[in-house]
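First comes the structure, then the notes that go with it.
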Amino acid sequence: MDSTDEHLTVREVVLLVVDAAGGKLETRTTVQKLTYFAGLAIDENLGHHAHYYGPYSRPVESALVNSAFAGDLAESVESLHSWSGADVRKFNYSLSDQGRAEVARIRLEQPTLSANIDNIVERLGKLVPGWAQHPLSLAAKVDYIASQEGGEVSASTIPGLARGFGWNVSPDDVEQSVAVLVGLGRAQAPSSA
Amino acid sequence: MHPFRVRDPIHGLIEMQPPERAAMDAGCMQRLRSISQLAMTHLVYPGVRHSRFEHSLGVCHVARRLATELELGADDAEIVRAAALLHDVGHGPFSHVSEKVLDDRAGVGGVHEAISVAIIRTDPQLRAALGASLCDAAAELIEDGAHGRRSVLTDIVSGPTDADKLDYLLRDSYYAGVAYGHYDLDRLIDTATTIRPSDTESYLGFDSEGVWAVEGLLLARHHMHRQVYGHKTRIATDIMIERALAVGIDDGVLPVAAYDVPVVRGQAQPDEDFIASYLTQTDGEVMSRLLAQEHDTASRELAQLLQSRKLLRRNARVALHERRSELGIKLGRLLDAERMRTIVPGLEAQIAEELGCPPHLVALLVDQTANPTYGLPGSEINAKDIMLSYGDSSMPDTFERESEIFREEAGPEKSYASLYFPKRDDIPDGRAEELLWTALTSI
Numbered sequence: 001m002d003s004t005d006e007h008l009t010v011r012e013v014v015l016l017v018v019d020a021a022g023g024k025l026e027t028r029t030t031v032q033k034l035t036y037f038a039g040l041a042i043d044e045n046l047g048h049h050a051h052y053y054g055p056y057s058r059p060v061e062s063a064l065v066n067s068a069f070a071g072d073l074a075e076s077v078e079s080l081h082s083w084s085g086a087d088v089r090k091f092n093y094s095l096s097d098q099g100r101a102e103v104a105r106i107r108l109e110q111p112t113l114s115a116n117i118d119n120i121v122e123r124l125g126k127l128v129p130g131w132a133q134h135p136l137s138l139a140a141k142v143d144y145i146a147s148q149e150g151g152e153v154s155a156s157t158i159p160g161l162a163r164g165f166g167w168n169v170s171p172d173d174v175e176q177s178v179a180v181l182v183g184l185g186r187a188q189a190p191s192s193a
Numbered sequence: 194m195h196p197f198r199v200r201d202p203i204h205g206l207i208e209m210q211p212p213e214r215a216a217m218d219a220g221c222m223q224r225l226r227s228i229s230q231l232a233m234t235h236l237v238y239p240g241v242r243h244s245r246f247e248h249s250l251g252v253c254h255v256a257r258r259l260a261t262e263l264e265l266g267a268d269d270a271e272i273v274r275a276a277a278l279l280h281d282v283g284h285g286p287f288s289h290v291s292e293k294v295l296d297d298r299a300g301v302g303g304v305h306e307a308i309s310v311a312i313i314r315t316d317p318q319l320r321a322a323l324g325a326s327l328c329d330a331a332a333e334l335i336e337d338g339a340h341g342r343r344s345v346l347t348d349i350v351s352g353p354t355d356a357d358k359l360d361y362l363l364r365d366s367y368y369a370g371v372a373y374g375h376y377d378l379d380r381l382i383d384t385a386t387t388i389r390p391s392d393t394e395s396y397l398g399f400d401s402e403g404v405w406a407v408e409g410l411l412l413a414r415h416h417m418h419r420q421v422y423g424h425k426t427r428i429a430t431d432i433m434i435e436r437a438l439a440v441g442i443d444d445g446v447l448p449v450a451a452y453d454v455p456v457v458r459g460q461a462q463p464d465e466d467f468i469a470s471y472l473t474q475t476d477g478e479v480m481s482r483l484l485a486q487e488h489d490t491a492s493r494e495l496a497q498l499l500q501s502r503k504l505l506r507r508n509a510r511v512a513l514h515e516r517r518s519e520l521g522i523k524l525g526r527l528l529d530a531e532r533m534r535t536i537v538p539g540l541e542a543q544i545a546e547e548l549g550c551p552p553h554l555v556a557l558l559v560d561q562t563a564n565p566t567y568g569l570p571g572s573e574i575n576a577k578d579i580m581l582s583y584g585d586s587s588m589p590d591t592f593e594r595e596s597e598i599f600r601e602e603a604g605p606e607k608s609y610a611s612l613y614f615p616k617r618d619d620i621p622d623g624r625a626e627e628l629l630w631t632a633l634t635s636i
């Protein structure tokens with residue numbers, strides 16, 4: 001099958017991303033950011049836009065909730081203490097047997113796009129061990145800013161541009177994120193001069 | 194100059210400052226008189242004839258009351274009022290019904306918000322009335338809210354307890370003639386407070402003794418969604434309008450230029466030509482064009498059926514959440530709205546053939562009823578969290594932790610599939626359910 005004939009829905013991308021990450025992922029934010037990069041890898045608009053916490057997609061959020069509701073993903077909730085001392089909740093996801101069966105169907109029908117998602121999730125796992133939420137979010141923010149600027153943007157201008165999206169991104173954050181984006185082939189390494 | 198006062202059935206006398214009065218007179222705001230607040234809900238609740246115009250005035254009024262209670266500075270209060278007054282200026286014909294058509298055609302979400310922002314940033318009459326800098330600040334506030342950037346100012350315009358909801362629940366219930374949407378607006382505003390967890394964060398919240406007023410608001414919202422907005426016959430009118438619009442645009446009966454918003458880098462970016470064409474479209478304009486067609490088209494038939502109140506009927510409904518074990522792996526597919534969009538037309542065509550009626554009069558709908566107690570929590574305060582303040586001694590917390598009836602343990606929602614088609618006396622009992630179940634399990 002020609003990859004141009006393939007198409008994945010947002011739900012299918014979510015299930016494939018969780019599968020590619022070993023069948024489980026911690027936090028909805030991580031899923032949001034991994035799907036952001038997965039969307040780029042398969043050239044699909046998954047609905048990410050500039051949200052307070054970085055690129056965020058309501059369709060991805062709905063797909064997560066619905067997949068848990070339908071039993072394709074098992075959802076567990078951890079209570080954590082936040083800045084305010086109040087409890088906040090962390091949502092973790094793992095593929096159920098039913099979800100694995102659905103992933104197998106998707107992989108059979110959409111082999112090229114599924115492989116692209118495996119590839120990007122694996123590469124991100126090497127660049128951001130454990131797909132840690134914070135560096136992943138920063139990398140997604142920097143990538144989003146660059147894409148909104150038409151791809152041409154220098155690292156030094158990113159903190160200022162980020163403020164326009166309501167994001168605080170420091171020069172150190174930019175450096176860290178650019179390293180991730182260079183590893184993905186989405187940015188050029190800064191010249192040493 | 195003295196303030197201008199408008200009589201309003203919900204809030205009594207609404208006071209508008211002279212620039213706000215001038216903005217009300219702008220053509221783009223007057224157009225909202227011709228955009229019904231709840232599309233064709235009057236076919237179910239005959240009193241529902243109010244428009245986006247009076248709702249906009251009501252939202253401005255509630256925003257002013259909140260700004261006063263929260264002791265906002267004069268500049269911030271002015272921005273919040275302007276944003277509240279103008280927040281719906283980009284609504285298309287039949288309000289939310291055309292939103293879906295616009296989003297589907299553009300292939301992106303949030304088109305109508307982008308249109309509102311573009312109008313506020315460019316409309317010469319609005320900018321002359323309010324001033325360019327105030328218009329820009331109001332547009333930015335609306336944009337920030339749409340992008341989930343929360344602050345006490347965005348919360349007033351587009352937050353979980355924003356002035357929009359505080360007005361439309363009371364207004365819609367009043368015109369519908371139902372008691373569900375009532376809640377204690379005075380008490381809610383009386384307990385409103387600004388919550389500042391840090392120097393850079395602020396939220397519209399409530400004193401802890403306001404928990405019952407917040408409960409009242411959420412119950413009102415839940416009941417209105419279940420009893421009015423989600424009424425099965427009202428949904429039928431939405432389906433018919435949406436189809437008539439979509440087919441009418443495809444057939445060129447409605448101007449494509451008014452419904453195909455330019456998209457740049459995955460974002461709706463309405464330009465001058467688009468806005469000029471878009472602003473010509475009102476409920477009446479759409480119906481006139483659809484009904485004036487000479488030939489017997491699907492869009493004309495739908496418009497005629499709406500005009501004569503010969504509506505599609507919900508002939509069958511399946512509670513998907515109660516049939517998980519039978520549906521198994523198919524439940525997730527049924528809830529995949531994107532996938533279903535490509536499958537449903539084929540299923541509807543099959544059912545239409547079985548019934549011997551045109552496919553545009555058969556609608557298979559999978560919908561979810563949101564649980565009002567269930568937010569979409571992230572790792573920090575999220576877009577739907579309502580915050581309560583406990584005075585100086587304790588830190589603020591989310592409303593669900595305090596409320597005795599709005600606990601967060603419940604599941605997210607229920608899910609249903611429904612089959613709509615015209616009233617038929619020749620269909621045996623159970624046949625519609627059988628057709629629906631066969632379709633659902635065939636995917």
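Quick note, the sequences are listed as chains A and B, same order.
Counting from 1, position 183 in the first sequence corresponds to residue 183 in the working numbering; the numbering is continuous, with no gaps.
Residues are numbered in the working numbering as their position in the second sequence, beginning at 1, plus a constant of 193.
Yeah, the Cβ is synthetic: ideal placement off N, Cα and C, and Gly gets one too.
Suppose the cutoff is 7 Å on Cβ atoms and the five residues either side in sequence are ignored; what does the same chain contact list for residue i look like?
i	result
A:W83	Here A:W83 scores only 49 on pLDDT, less than 50, and its place in the model should not be relied on; the value that follows carries that caveat. Closer than 7 Å at the Cβ level, and outside the excluded window around A:W83, lies no residue.
A:V17	V31, L34, T35, A38, I117, V121
A:E6	Q110, T112, L113
B:G302	D296
Using the Cα positions of residue i and residue j, report the straight-line distance between them to the nearest angstrom.
i	j	result
B:G623	B:L524	22 Å
B:V537	B:L554	13 Å
B:A238	B:R482	The question names Ala, but residue 238 of chain B is Tyr in the sequence shown. Straight-line Cα distance between these residues: approximately 25 Å.
B:E478	B:M217	21 Å
B:G300	B:D466	20 Å
B:A372	B:L359	15 Å
B:V643	B:A277	Residue 643 of chain B falls outside the range modelled here, since chain B spans only 194 to 636, and no answer is possible.
B:I636	B:A509	18 Å
B:S470	B:A461	16 Å
A:L161	B:S391	23 Å
B:T347	B:D355	8 Å
B:V294	A:P171	42 Å
B:V255	B:Q318	24 Å
B:D443	B:Y422	28 Å
A:V65	A:V103	17 Å
B:S572	B:R342	With a pLDDT of only 33 at B:S572, under the threshold of 50, the placement of this residue in the model should not be trusted, and no figure is reported.
B:H416	A:R123	48 Å
A:H49	A:V60	11 Å
B:A325	A:A70	49 Å
B:D489	B:I228	26 Å
Take residue i and list the residues in its own chain whose beta-carbon comes closer than 8 Å to its own, dropping the five residues that flank it on each side.
i	result
B:L327	P212, E271, I272, A275
A:Q188	V182
A:L40	I120, D143, R186
B:T631	none
A:V77	R89, K90, F91, N92
B:E548	The sequence as given places Leu at residue 548 of chain B; Glu does not occur at that position. Answer for B:L548: V555, F614, R617, I620, L628, listed in chain order.
If you drop the 5 nearest sequence neighbours on each side, which residues of the same chain put their C-beta closer than 6 Å to that of residue i?
i	result
B:R427	T234, V237
B:M580	I388, Y396, G398, P589
B:L633	A610
B:M209	F197
Who does residue i pair with in a DSSP beta bridge?
i	result
B:R198	B:E208
A:S92	Looking at the sequence provided, one finds Asn at residue 92 of chain A rather than Ser. According to DSSP, A:N92 bridges with A:E26, A:S76.
B:D400	B:S582
B:S611	B:R510, B:L558
Which residues of chain A have a Cβ atom closer than 7 Å to the Cβ of residue i, listed in chain order?
i	result
B:R517	G71
B:R343	Y52
B:D529	T9, R11
B:I522	Q98, A101, E102
Give me the chain B residues within the contact set of residue i, using Cβ-Cβ distance strictly less than 8 Å, ordered along the chain.
i	result
A:G166	D337, H340, R342
A:R58	G302
A:G47	V301, G302
Output, in chain order, the set of chain B residues within a Cβ distance shorter than 7 Å of residue i.
i	result
A:S67	G525
Run through chain A and tell me which residues come within less than 9 Å of residue i, C-beta to C-beta.
i	result
B:R458	S147, Q148, G150
B:S608	N66, F69, A70
For residue i, which residues in chain A fall below 8 Å Cβ to Cβ?
i	result
B:R532	T9, R11, E12
Quick test of the definition: if touching needs 3 or more C-beta pairs under 8 Å, does the region 405-418 of chain B touch the region 368-386 of chain B? yes
Touch test, the region 53-62 of chain A against the region 136-154 of chain A, Cβ-Cβ under 8 Å, three pairs minimum: yes
The region 280-298 of chain B in contact with the region 432-439 of chain B per 3-pair CB rule at 8 Å: yes
Okay, do the region 278-285 of chain B and the region 311-321 of chain B touch, 3+ Cβ pairs below 8 Å being the bar? yes
At least three beta-carbon pairs within less than 8 Å, the region 512-532 of chain B to the region 496-504 of chain B: no
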